[in-house]
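Student:
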Amino acid sequence: MSDLYIKDSSLGINEVIEKLKEAVPNNQFGILHSYDIKQTLAGKGHELTEECHVFEVCNPKVAKDILEKDMNLATVLPCRISVYTQDGATKVGLALPSKHITQLSDADELSSLIDPVEQSLIKIIDQSVV
């Protein structure tokens, strides 16, 4: 299985972003910050042909529980969902938390915290692409 979860959408990128902004709070997460990577790079003199937006999302209670088990995991929090175009197609994806967080920590019961988070993030993406 891939370490990434990526879904294609027939919708335009702006519509997917709006749907994502609705799906995040509907699934008990919040958007902490968003980045328009294309705009940021252009501002530094580097033109990107594709669109790329990154959203940092978090469920505060779960983040607290994870950090209480292993503060080193602050290096991979919050979770990130990317909305971007590739060859004219709109895509939404994330690096699956179950694939990297559990590799970075020996803390007991992390998978019991991570698995529901991952399922919620997948649900958010699935709701954003239709």
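If you're matching positions, the sequence shown starts at -5 in the working numbering and goes up one per residue. We treat Cβ as the ideally placed atom computed from N, Cα and C, and that holds for glycine.
1. Report all residues from its chain with a CB closer than 6 angstroms to the CB of F49; omit the five preceding and five following residues, and keep chain order.
2. Enumerate, from N- to C-terminal direction, the unbroken alpha helix (DSSP H) stretches of 4 or more residues contained entirely within the region 23 to 93.
3. Could you tell me how far apart the beta carbons of I118 and V10 are, in whole angstroms, since I believe they sit closer than 8 angstroms?
4. Could you tell me the distance, in whole angstroms, from the CA atom of S(-4) to the CA atom of G39?
5. Hey, out of Q97, S92, I116, L98, whose CA is closest to S106's CA?
6. Near Q22, which residues of its chain fall below 8 angstroms by C-beta distance, leaving aside the five closest residues on each side in sequence?
7. So, is A36 buried or exposed, given that buried needs 16 or more other C-beta atoms within 10 angstroms?
8. Excluding the 5 residues flanking K85 on each side, which residues of the same chain have their C-beta closer than 6 angstroms to its C-beta?
Tutor: To lay it out plainly:
1. These residues qualify, in order along the chain: I25, S28, I75.
2. 31 to 37, 54 to 63
3. About 11 angstroms separates the two Cβ atoms, so there is no contact after all.
4. 34 angstroms
5. S92
6. N53, S114
7. exposed
8. I0, D2, Y78
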